[in-house]
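So the structure is just underneath, and the comments pick up after that.
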Amino acid sequence: MFFSDTGRWRQTVAVGGLVMVLGTMAAVAHHHQPLWQWLVWKYLGLWLLCLVFSLSCVAAGAPLVHRCLGARLPLARDLLFAFAAGLWVFATGVCLVGFVGGLGPWFFCAWPALLLAAGTPHLKRHLQPRWVRTRRLTPRLGTPSHRWLPWLWAAGALGLALVYIPILTPANVAYDSRWYHMGVAEHYATSGRIAPFVEGWFHGTLPQFASWLYTWALLMPGASLFLRTELAAHLEFTVFLATLVGVSLLVRQISGGQIRRGGWVAMFLFPGLFLYDSNLSLAADHILAFWAPVLVLLLPYTQGPRTKGAAMLLGLFAGAATLAKYQVIYLLAGGALLYLLALLPHLAKHLSWQLCKPHLQVVGLAAGVALLVTSTHWLRNWLWYSNPIYPLAQSVFHGHPWIEGTIVKFNDPGWMPEGNLAERIWQTIAGMFTFSLVPHDWKRFHGRIPVFGALFPLLLLPALGLRHLQQVWKLAAATGLGVLVWYATYHQDRYLQSLLPWMAAIVAVIVARLWQTRVRVVQAALAGVLVFSVVWGSDVPFLPTHPMAGKSPFEHSLHLASSSYRKAWDEQAKMHSKLPELAPHLPDAITSTLLLHEEHLRFGIGRPVVVDGHGRQGRMGYHELQTPGAVYQQLQSLGITHILWAENPSGLMRLTDDLVFHSFVRDHTDKLEIPERRLSALRSQAPPPQAAPTHVVFVTCAGVTQVPWGEVNRKWKRHFKPGCDGLQVSLSDVQAATQTAQYLVLDQDLPAPETWAEGGWKQLFTFKGVIAYSRPI
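Numbering (this note's numbering), first residue to last: 4 to 780.
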């Protein structure tokens, strides 16, 4: 003992001295940088909230897991399953309370408190004694058999830091997240309810598990948008940490228990994890990836003594994964193959109805539970839009809102196999083997070089020389099937993140087994492969390819870390987005509804909005409305009071849409100038009646053309070509063609219409080398 009973005064002196040291350091530090303005307190508070979130999920999920599987699971697996089940409970609670309009700051505090209060007694009874026993039996790191673990965990800690540092700044939030993952969450949080999007916004009808979690974060009372966004980012990171636990347990399972620790580090051997847009950036890919190891870890229990309970839990997990993204089909296809491969040895012996019946019951029960779990998605869409998967399969379900000519722009072209059937099949099969060696992303990001990570499937080749890898080969087959589905549907690299936990587990087992051969030439070759792979991807986390941050998010995070020293307190709330800067200029959300015109990004605007993008919603089409009066009636029916728009089109809509919209907003609304945008308020009176346009006049260097209204969008790009040397038609022809025209589109190199055409033309916009004009008829 350092302090004896007779020397208590020494202990008092030591404690008092340490308190004085701490006080002195705090006083000096506070003199230079006020303690309450240290950035670290904000992140410590976020981690405290994430701890509460995690504990509430475990508390809510443990009773479900123990009811289905019993309470004799290994502790780590028990906690993972409990967290998974509780994660579904947590998100579904946000959804259900949102349906009744109960979202608000009170819910942010009450919901995790309620889950903790309900589940803590169960945790004390079932988990606390096992936790104490496990702590006593855990071997120390200093024992010879675990001397390599500190080095492995140091590498893992470095990987975690490379994943975590970028999320310290809101600049890291991805484009799609600002568009709909966080946009949906903000819409729900600011309106206080989960309700249908009146315009039938397509992205608002997609699976929203991640957005429900982010909605809870955005409800944090008294916090800035910076802190709320960072809480959402830390929730995603918390789920990622749980994914690493799942990978470690999956490695243990497919290795037959031979590799018990450190398997999670293999996740960081895939450099694509660190780079936009596959990194943690508040999307839904890593929320879906969490379920990948959980589903495989649960499969063995479907053939155990508690088959029905395991089937129900499997259905719950599969349903929760489906609520994350439609790309769950990768996991479901692979999981179905794993289940079939596990049954083959039994079915091969004696195929009969009695043998197949229990397995069919498992599949049927799991499917039924999954259907029930996913009802918060498909039933909602059915009730609100008359289509459970709106806007898909419209020919089958005939959902609404839906105007004639509506198209669905979910996927950009170029990410599916092309050619005839045989060519598409060959491309898909080849892509299953070459996906890691060929980039599948936008060239302006990292699309010129492959960065996903090539160890899977390349390490499957040396694995052919190893024995007792049956479980690895089964999981590899399931992963290959998932890649096959990925390539055949929409093969962008970021969607592979859902399969990454399976790939990492396979790589971890193969690497460990190759090293365990103790053949030095094999170990040397393996070391060379790993070193080369790490060096190859070592620059990926720092590539300045993040289009929203404008550079690497590391630069933003490191600059933010010095804000206290620089006394740049405003940077500790900076969102690195233009929309939050516009929010103070916009009308109050309670008394107005804002139309966000021709804009994908919506997160940060701080209020519910309606969007009008062509191909992104099913109700609004200016081409079909045609007249200002019809536009006014449509906007008024949707409750819109203000419109946020840009001076010129951005190309997201059709030319006729642009003509009608800009004519309406310039002539029939009251405009208010705000930074970089225009804000217009609808007038109390509707525009006067006006005839619908029958045609649009195109004036090019080659001449004058009257194009029927229905053919404008198809023909205008053919007429307007660069390189105009001057008007080559007579003025009389121009004047004759424009006498009854409401819209005029001419090459921007030609003189303004006032010099050669009659009748009050007003410029609407400039777009792609043309200038559009309008006049009342």
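Each residue gets a CB set at the ideal place from its N, CA and C atoms; glycine is no exception.
{"Asked": "Whether Gly89 touches Val61 by CB criterion (7 Å)", "Found": "yes"}
{"Asked": "Burial state of His617 (16 or more Cβ within 10 Å)", "Found": "buried"}
{"Asked": "The ligand HEM heavy atom lying under 6 Å from the CB of Cys704", "Found": "No copy of the ligand HEM occurs in the structure displayed, which carries no ligand at all."}
{"Asked": "Simplified DSSP state of Ile774, which is helix, strand or coil", "Found": "strand"}
{"Asked": "C-alpha gap between Pro147 and Leu302, whole angstroms", "Found": "Residue placement at Pro147 cannot be trusted, given a pLDDT of 36 that sits under 50; the coordinates are not used to answer."}
{"Asked": "Leu462 to Val268 span [Cα, whole Å]", "Found": "16 Å"}
{"Asked": "Closest by C-alpha distance to Pro583, when choosing among Trp572, Gly609, Gly642 and Ala373", "Found": "Gly609"}
{"Asked": "Between the CA atoms of Val68 and Pro587 - distance to the nearest angstrom", "Found": "47 Å"}
{"Asked": "Identity of the residue in Trp381, Asp415 and Val538 nearest Val454 by Cα", "Found": "Val538"}
{"Asked": "Local conformation of Thr769 per DSSP, three classes", "Found": "strand"}
{"Asked": "Whole-number beta carbon distance between Gly632 and Ala689, since they are thought to touch under 8 Å", "Found": "6 Å"}
{"Asked": "For Tyr333 and Ser501, believed in contact at Cβ under 8 Å, the rounded distance", "Found": "6 Å"}
{"Asked": "C-beta atoms of Leu283 and Glu233 nearer than 7 Å", "Found": "no"}
{"Asked": "Phe110 classed as buried or exposed, judged by whether at least 16 other C-beta atoms fall within 10 angstroms", "Found": "buried"}
{"Asked": "Top-ranked residue by Cα proximity to Leu662, from Leu675, Ser683, Glu627 and Leu278", "Found": "Glu627"}
{"Asked": "Continuous alpha helix (DSSP H) stretch holding Thr437: start and end", "Found": "Leu424 to Thr437"}
{"Asked": "Ordered list of alpha helix (DSSP H) runs contained in the region 555–615, each at least 4 residues", "Found": "556–564 and 581–585"}
{"Asked": "Contact check, Leu326 vs Pro199, beta carbons under 7 Å", "Found": "no"}
{"Asked": "Gln495, DSSP secondary structure in three states", "Found": "coil"}
{"Asked": "Cut-off 7 Å between Cβ atoms - residues of its own chain near Val365, not counting five sequence neighbours on either side", "Found": "Thr305, Thr310 and Ala314"}
{"Asked": "Span of the alpha helix (DSSP H) around Val61", "Found": "Leu42 to Leu72"}
{"Asked": "Buried versus exposed, by CB contacts within 10 Å (16 or more), Ile428", "Found": "exposed"}
{"Asked": "Within 7 Å, strictly: CB atoms of Gly402 and Asn390", "Found": "yes"}
{"Asked": "Cβ pair Val781, Ile257 closer than 7 Å", "Found": "The question about residue 781 has no answer here: the residues shown for the chain are numbered 4 through 780."}
{"Asked": "Under 7 Å between C-beta atoms of Arg196 and Gly101", "Found": "yes"}
{"Asked": "Ser214 in three-state terms, based on DSSP", "Found": "helix"}
{"Asked": "Expected contact under 8 Å - CB spacing of Ser595 and His665 to nearest Å", "Found": "Not confirmed; about 22 Å, so no contact."}
{"Asked": "Cα-Cα separation between Gly225 and Lys581, rounded to whole angstroms", "Found": "22 Å"}
{"Asked": "Range covered by the alpha helix (DSSP H) that runs through Ala87", "Found": "Leu78 to Phe102"}
{"Asked": "Thr241 to Phe293 span [Cα, whole Å]", "Found": "10 Å"}
{"Asked": "Straight-line Cα distance separating Cys53 from Ala87", "Found": "15 Å"}
{"Asked": "Trp648 - partner residues in DSSP beta bridges", "Found": "Arg681"}
{"Asked": "Best match in Val488, Leu585 and Tyr217 for proximity to Leu335 [C-alpha to C-alpha]", "Found": "Val488"}
{"Asked": "Buried/exposed call for Ser687, threshold 16 Cβ in 10 Å", "Found": "exposed"}
{"Asked": "Euclidean distance between Cα positions of Val710 and His600", "Found": "26 Å"}
{"Asked": "Under 7 Å between C-beta atoms of Ala481 and Gly337", "Found": "yes"}
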